[in-house]
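Before any comments, here is the structure.
Numbering (my numbering), first residue to last: 455 to 761.
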């Protein structure tokens, strides 16, 4: 009996940890609390109790499913910064790799980004293929949401350079040519849980769409920010991180937009020693892009959502 209890507890802890990565804390608690009554009335006896303990993650989804008839779990977050990062060159690179190699790269990259997000106070929303989406300013307000995101973006850019250089011998020399194209935009979003099978926290609104446009119209190796995101950085005393893009970009549904390149390379010595700096190869690569933005723009891939 004691052994079984230990197993059940261990599974519950692991399941709770998994759920914690998918939902902000206040949203997670609300789903569980809203679903408690329904979950209890739908089961009876010791077998049901054991089942709930052993399948905490499944129970979470069931609870979310059973409360669809109730009030939606959603709210507005007025001040956030949304981030999109796409792995430039990934489509061509992955077409000549084994599935295990593709997933090894993505898992290594996303695990590193998750660790940086935890450090910077950034909430990971989801990954779609080779695209990573994150947000600051929720569930709790962060007055420096744009600053946090700019630092996160810079960290991810440098960390990926370190990762692909280390993996080049194992996954092929051209792996070191992969880099991120990053976009960010600040504004209000609607966030909530789309309940049902595999419930998850999602964001909606013009801010999300514009952040995606900042990524898709960007340049590999650089972080592109909208005017709104730039204004937030200026308010927080980070005007020196910004450089206006020479040409305005055309964003679908937005028209011409003035955007900015972000340079938030304020890494400490400890961050550099942990691999958050670009290799000399990537420094040269990024410098070439910076010196010839129009040439680089012509060579970029299409938007991630059209791949």
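For glycine and all other residues, C-beta sits at the position ideal for the given N, C-alpha and C.
Cα-Cα separation, residue i to residue j
i: residue 636; j: residue 526; result: 32 Å
i: residue 628; j: residue 622; result: 7 Å
i: residue 730; j: residue 601; result: The pLDDT assigned to residue 730 is 44, lower than 50, so where the model puts this residue is not dependable; a value taken from the coordinates is nonetheless given after this. Computed Cα separation, rounded: 17 Å.
i: residue 686; j: residue 640; result: 8 Å
i: residue 630; j: residue 663; result: 30 Å
i: residue 571; j: residue 584; result: 17 Å
i: residue 614; j: residue 566; result: 8 Å
i: residue 580; j: residue 671; result: 21 Å
i: residue 646; j: residue 655; result: 5 Å
i: residue 716; j: residue 551; result: 33 Å
i: residue 701; j: residue 652; result: 42 Å
i: residue 689; j: residue 603; result: 15 Å
i: residue 596; j: residue 548; result: 37 Å
i: residue 619; j: residue 632; result: 9 Å
i: residue 694; j: residue 606; result: 17 Å
i: residue 756; j: residue 586; result: With a pLDDT of 41 at residue 756, under the threshold of 50, the predicted position of this residue should be treated as unreliable, though the coordinate-derived value follows. If you take the alpha carbons of residue 756 and residue 586, they lie about 16 Å apart.
i: residue 530; j: residue 598; result: 18 Å
i: residue 642; j: residue 544; result: 31 Å
i: residue 592; j: residue 534; result: 7 Å
i: residue 563; j: residue 617; result: 7 Å
i: residue 703; j: residue 669; result: 11 Å
i: residue 691; j: residue 697; result: 14 Å
i: residue 559; j: residue 569; result: 16 Å
i: residue 659; j: residue 709; result: 17 Å
i: residue 401; j: residue 557; result: Residue coverage of the chain in this structure runs from 455 to 761, which leaves residue 401 outside it and unanswerable.
i: residue 707; j: residue 661; result: 12 Å
Span of the alpha helix (DSSP H) around residue i
i: residue 625; result: 599 to 625
i: residue 633; result: Run containing residue 633: none in the alpha helix (DSSP H); it sits in the beta strand (DSSP E), 633 to 648.
Test item: CB-CB of residue i and residue j under 8 Å
i: residue 680; j: residue 644; result: no
i: residue 638; j: residue 677; result: yes
i: residue 588; j: residue 578; result: yes
i: residue 542; j: residue 674; result: yes
i: residue 657; j: residue 576; result: no
i: residue 634; j: residue 555; result: no
i: residue 540; j: residue 608; result: no
i: residue 667; j: residue 705; result: yes
i: residue 684; j: residue 538; result: no
Three-state secondary structure (DSSP) of residue i
i: residue 532; result: strand
i: residue 546; result: helix
i: residue 651; result: coil
i: residue 554; result: helix
i: residue 684; result: helix
i: residue 541; result: strand
i: residue 594; result: coil
i: residue 525; result: coil
i: residue 775; result: As displayed, the chain neither begins before 455 nor continues past 761, which places residue 775 out of reach and without an answer.
i: residue 629; result: helix
i: residue 573; result: helix
Residue range of the unbroken beta strand (DSSP E) whose run includes residue i
i: residue 656; result: 654 to 658
i: residue 703; result: 703 to 705
Residue(s) in a DSSP beta bridge with residue i
i: residue 565; result: Answer is none; residue 565 lacks a bridge partner.
i: residue 581; result: 586
i: residue 715; result: 678 and 697
i: residue 710; result: 704
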